[in-house]
Every structure is written in structure tokens, then in C-alpha cells.
Amino acid sequence: MNRFFSNIWTKRVASLLGPLYCACILQFAYYSIFYEMYVRSAVQTCLLVSAVSVIALIVMLYSRRQLLTKLTSLVLLPGMLLPILLYFGQWEVLIPPLVVALAIFFFSGLGETAKTVWGTVFLLLYLLGSLVYFLMTSLFAPSTVTTVVQTGNSPSGMYRHTVTETVDSSDGSTKVTVETNALDKDMGLVLFRIKGLSRDVMVERPLNQNITLEWKTESRADITAQISGISDDLTVTLSDAQMDLLGLPAYQVTYEDGRGGMLMQADYHAVVVPLSDADREFFKIDDTELKLDEMSSRALTHMGITVDDLRTMKLSSLSDAQLARLGIPVQGDVLYCNGKVVFRYYIAILEEYFDISKQDLGLT
-5 MNRFFSNIWT KRVASLLGPL YCACILQFAY YSIFYEMYVR SAVQTCLLVS
45 AVSVIALIVM LYSRRQLLTK LTSLVLLPGM LLPILLYFGQ WEVLIPPLVV
95 ALAIFFFSGL GETAKTVWGT VFLLLYLLGS LVYFLMTSLF APSTVTTVVQ
145 TGNSPSGMYR HTVTETVDSS DGSTKVTVET NALDKDMGLV LFRIKGLSRD
195 VMVERPLNQN ITLEWKTESR ADITAQISGI SDDLTVTLSD AQMDLLGLPA
245 YQVTYEDGRG GMLMQADYHA VVVPLSDADR EFFKIDDTEL KLDEMSSRAL
295 THMGITVDDL RTMKLSSLSD AQLARLGIPV QGDVLYCNGK VVFRYYIAIL
345 EEYFDISKQD LGLT
């Protein structure tokens, strides 16, 4: 048994746990930027995280002289910086991995000189990172007081709403926001809720405490009829991907000599326009060609090229089958505020309210 544990290959295999644990910490750091963390059971979560951390620490100490473990010891401490800043106070989750990061750094197989140098770097990183973070939160912190007075979920569970009241130097305001539950990460004991994708659906000033919200389930056909009843001229701008789903050209390009036609988005983004010597002199560049989708309106005018965006169309021009192809279910959630519609699942999907590419950076 002693020969087994002293075998170099046993230690090398054991050292693979270090990068795995490190990957979990880096994933945790990523979540701290883009998700709010809600711990359902502090005791159970602390026990679970502690158990995993103790096992990881024992294995890493056993393989502390292996290259992978040495590299892991240099990544864990900086990797814990963002979670500590952004999840500050939730120590049941933060303390166990922080203890592991400190222990493996000081007891790893790195030389004393390397530990001194890297330790100084990490200390400065934590000090400067904390200073910058707290300065940012202090400078950009609003001078108003905002209180959450109501939260709730839609019938399907796809969306959640929040009502906040803001007290300021004037008469205050009331705001209703809607967020999606579909992008949350539910880990059982811990829920990570997506942030930076909230949609303000009602803002009322002055402050109004008589807000009545009601979620209803309505059909796609009924919503189409309601919107058509408002106006047949209402337009919607689809994304390139949505135009592909419908199999429709997204752009129409017309050149000065009359050539051109309608193009699918991929073809449009692939078009390059050759430049003559006179064109290069006009633009004051040395390039022999320019991508069409990167050309300014001034450049297009000079080249005699007209680009019409076909993605903006009347909502009434979309058939029910096309709406289904765009991912709009047969029925979904509609939110009413004091009897007035303020949110429709139909429009949220069509306008891509909660597309992950629109997420704000949530460092503050």
C-alpha cells in the first residue's frame, strides 16, 4: 500500500483533480459576474462545499510537487477574487474554497522565492481589486432608496416580475420589471439567477402604491388579433438568425450599374467590394477591397451602393405558421398592470428581449 501511494504515477493521476477543482472555481467566478446567488440552505450548502473542498485539498497536498498541482495553486487565489467581491457576505460558500486556495498555495511544491513573489502579486491584486470595486460601487451608487415591494412568477414559470418603489428628492417612482427564469442555473441547494437581462415594462412617476398585477395565459392567435386591432402598420425588426429561420432574404443590395438583388444574411455578410485607385485615394486607405457590411453610409454613397434592410416588416405580414417557426408557442404568459397589458411573451420572443447576447456586465 505504501508503494502505491509513493508511486510517482499515482501522484500524477491524483494531480488531475487540481485542474478539475480549479475549473469549478473559475466557473464560480464566471457565475459571480452574470448571476445572482441565492443559497437555499446555508448549513447544508456549507457542509457540501466543505466536504468537496477538504477532499480536493487532501488530494492536492498529496500531489503538491506535481506540475498540475503547482499551476493550480497559482490560479485558485486570483480565481476567488471576483466571487469574494460580488458575493461578499455569503461565507458559507466562499470560506471553504478560499481556505483551500490559501492552503495549497503555501504548502504546494513551489519554491520559497516563487511563493514570496506570487504571494506579493496576489496580495496587491486583492488590495487593488477591492479598492477599484468599492470605488466603482460608491461612485455609481444611486442617491435614491429603492425597495422591492412585490415579486412573482408567471403561470408557466418562464418569467418573473418585480415591483420596486424608489424614493428620491421629487415624488418617487414605481417600476415593474420582467425577467426570464429560463436562463437560471438551479443547483438544488443554490440557485444562480441570471442578471443584466431585466426588462422595464412599466415606470410610473410619481410613486404609485396602488399597483395591481395579474398574469394571464393567452393564445398566439388571440394576441395577433389584439395587435392587429391596434394597427395593421405595426412593425417588427427581426434578427439575421430569425430571417434564416423563415428562409427569407435579409437585405437587398443595388449597385450603381443596376446589378444586385435580395440576399440571405450569410451571403450579405460575405460580400466584399473591390476598390479602384480612385476609391482608395478617396477613402485614404491602402486596402484593395472592403466588406460591404462594414461600409459607412458615406462609403456606400460614394460607391453608388444602396442597401435596404428587409428585416423590418409589418407584424401583420407574418403568418401564424411563420410565428410558430420563430419559436412563439401556441400560448404563453401575458402580464396586466391595473388592467393594461404591459408584457406579452409573444413580443418578448419576437423582439428577443432575453437574448443572452444582450446581457449587461454585472460587476456593480
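Note that the working numbering has the sequence shown beginning at -5, numbered continuously upward.
Using N, Cα and C, we set each Cβ at its ideal position, and we do this for glycine too.
A quick note: this is a predicted structure, and the numbers were derived from the prediction, not measured.
Query: Quick check: the segment 68 to 76 against the segment 88 to 107, are at least 3 beta-carbon pairs closer than 8 angstroms?; Result: yes
Query: Per DSSP, GLY326 is paired with what?; Result: GLU212
Query: Nearest by alpha-carbon distance to GLU159: which of SER67, ARG292 and THR171 is it?; Result: THR171
Query: By a C-beta neighbour count over all protein chains shown, 10 Å radius and 16 as the cutoff for buried, is LEU286 buried or exposed?; Result: buried
Query: Curious, which full-length beta strand (DSSP E) runs of at least 3 residues does the segment 144 to 180 contain?; Result: 153 to 161 and 167 to 174
Query: So, helix, strand or coil for VAL267, using DSSP?; Result: strand
Query: Going by the DSSP bridge assignment, what does GLN246 pair with across the sheet?; Result: MET256 and ASP302
Query: Looking only at its own chain, which residues have a Cβ that is under 6 angstroms from the Cβ of LYS179, when we skip the five neighbours before and after it?; Result: PHE186
Query: CA-CA distance, TYR24 and PHE277?; Result: 42 angstroms
Query: How would you label ASP327, buried or exposed, when you count the other beta carbons within 10 angstroms and need 16 or more for buried?; Result: buried
Query: So does the segment 200 to 208 actually touch the segment 50 to 60, counting three or more Cβ pairs closer than 8 angstroms?; Result: no
Query: Below 8 angstroms on the Cβ atoms is my guess for TYR347 versus ILE322; work out the distance and round it to an integer in Å.; Result: Between ILE322 and TYR347 the Cβ distance is about 13 angstroms, and since that is not below 8 angstroms, they are no contact.
Query: For ASP227 and SER290, what's the separation of their Cα atoms in angstroms?; Result: 29 angstroms
Query: Identify whether LEU207 lies in helix, strand or coil by the three-state DSSP scheme.; Result: strand
Query: In the DSSP assignment, what are the bridge partners of GLU30?; Result: ARG187
Query: In whole angstroms, what is the alpha-carbon distance linking SER67 and CYS18?; Result: 14 angstroms
Query: Helix, strand or coil: how does DSSP classify THR63 here?; Result: helix
Query: Following the continuous beta strand (DSSP E) through THR231, name the residue where it begins and the one where it ends.; Result: 229 to 231
Query: Quick one, are the C-beta atoms of GLN60 and SER9 less than 8 angstroms apart?; Result: yes
Query: Could you tell me if PHE128 is buried or exposed, where buried requires 16 or more neighbouring beta carbons within 10 angstroms of its beta carbon?; Result: exposed
Query: If you follow the beta strand (DSSP E) that LEU121 is part of, which residue opens it and which one closes it?; Result: Here LEU121 belongs to no beta strand (DSSP E); instead the alpha helix (DSSP H) covers 106 to 133.
Query: Could you say which of VAL46, LEU309 and LEU55 lies nearest to ILE224 if we only look at CA atoms?; Result: LEU309
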